[in-house]
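In what follows, a structure is listed as structure tokens, so that the remarks can point back to it.
Numbering (UniProt numbering), first residue to last: 1 to 308.
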């Protein structure tokens, strides 16, 4: 019987009329169209911890081909788009040199057996794609995953802060107020870390720190975020001190605190009009953000947390 070419879409052709009808029906049923590229399909299954955590979306060979084709039309370099950022290998082998008929055959096979789909996009990311196996390997046994391209965090990121204590005390307005916030109360925060040994047996030196926040709307938000950060072991880390040059000491983990009540930003104090936005961005980069259920009015006037 003579084979009649048919269309899988306006761009791609497959070999027989029977295959055309079968694949076109499947594509229609699954919502395949250029406008649906990278959106969840009925065959996208969250069958692993990584899949469930990232709510990944499976990308077929046909979809990836259209994505790369679109990049070419806009005269963009597609070399990086073709490869997995983790293993640096092609997402689908030779996708831009394959004939359209070959792509259609692979697409039909994937629609019949979705386990053949090996490329995914994380649910809250865009414009970058990974091999399923590479994503699984990168996550390993952790309960979180950080996108290596856009740093989007899935799950709850836990740090490697050594054992220590965070405590705080609220003082009413008029007692050691932050400069520029004399009519507001003040949160006094204390951190204390004893010396100890790292997991590899190397000794490190402990430290004590204090910080201050005004009792304003933004100040209470940052206070709650700092409590979250400490609970997730993200506020401090054992490293090298930029100030003293000493090695293996407990230092800030890129979460800036106001350690003075006054003196402005040059003295790590108040007033500093951009501080709240800066520290919120630093914390958000570690996945520490306010949730709808968070209530800053429920922060106790004094508190104590211990990290082991």
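Ideal Cβ positions, reconstructed from N, Cα and C, are used throughout, including at glycine.
- About 36 Å separates the beta carbons of residue 144 and residue 171, which is beyond the 8 Å limit, so they are not a contact pair.
- DSSP places residue 51 within a helical segment (H, G or I) once states are collapsed to three.
- Here residue 235 is buried, its C-beta having at least 16 other C-beta atoms within 10 Å.
- Remark: three or more beta-carbon pairs, one from each stretch, lie closer than 8 Å, so the region 143 to 163 and the region 44 to 58 are flagged as touching.
- Looking at 99, 85, 185 and 50, the one whose alpha-carbon comes closest to that of residue 61 is 99.
- Rounded to the nearest whole angstrom, the CA to CA distance from residue 141 to residue 48 is 12 Å.
- Taking C-beta atoms under 8 Å as the contact rule, residue 157 and residue 231 fail to qualify, at a distance of about 12 Å.
- Cα atoms of residue 262 and residue 72: separation of roughly 55 Å, rounded to the nearest angstrom.
- In the structure shown, the three-state DSSP call for residue 61 is helix.
- In the three-state scheme derived from DSSP, where H, G and I count as helix and E and B as strand, residue 268 is classed as coil.
- Residue range 207 to 214 is occupied by the beta strand (DSSP E) that includes residue 211.
- With a beta-carbon spacing of about 7 Å, residue 82 and residue 95 fall inside the 8 Å limit used to define contacts.
- Taken through DSSP and simplified to helix, strand or coil, residue 276 comes out as helix.
- The C-alpha of residue 214 is placed about 14 Å away from the C-alpha of residue 297.
- Note on residue 255: 16 or more other CB atoms within 10 angstroms of its CB, so buried under the neighbour-count rule.
- In this structure, 153 is the residue among 113, 119 and 153 with its C-alpha nearest to the C-alpha of residue 125.
- For residue 224, the enclosing alpha helix (DSSP H) stretches over residues 217 to 231.
- Looking only at 133, 168, 217 and 246, the smallest Cα-Cα distance to residue 89 is reached by 133.
- Separation of the CB atoms of residue 191 and residue 208 is rounded to 7 Å, and the pair is thereby assigned contact status at 8 Å.
- A distance below 8 Å separates the beta carbons of residue 275 and residue 258.
- For residue 302, the uninterrupted beta strand (DSSP E) run begins and ends at 302 to 307, by DSSP.
- Inclusion of residue 303 and residue 167 in the CB contact set at 8 Å is warranted, their separation being smaller than that value.
- 8 Å or more divides the Cβ of residue 59 from the Cβ of residue 138.
- For residue 262, the secondary structure class from DSSP, reduced to helix, strand or coil, is coil.
- Rounded to the nearest angstrom, the gap between the Cα atoms of residue 288 and residue 114 is 35 Å.
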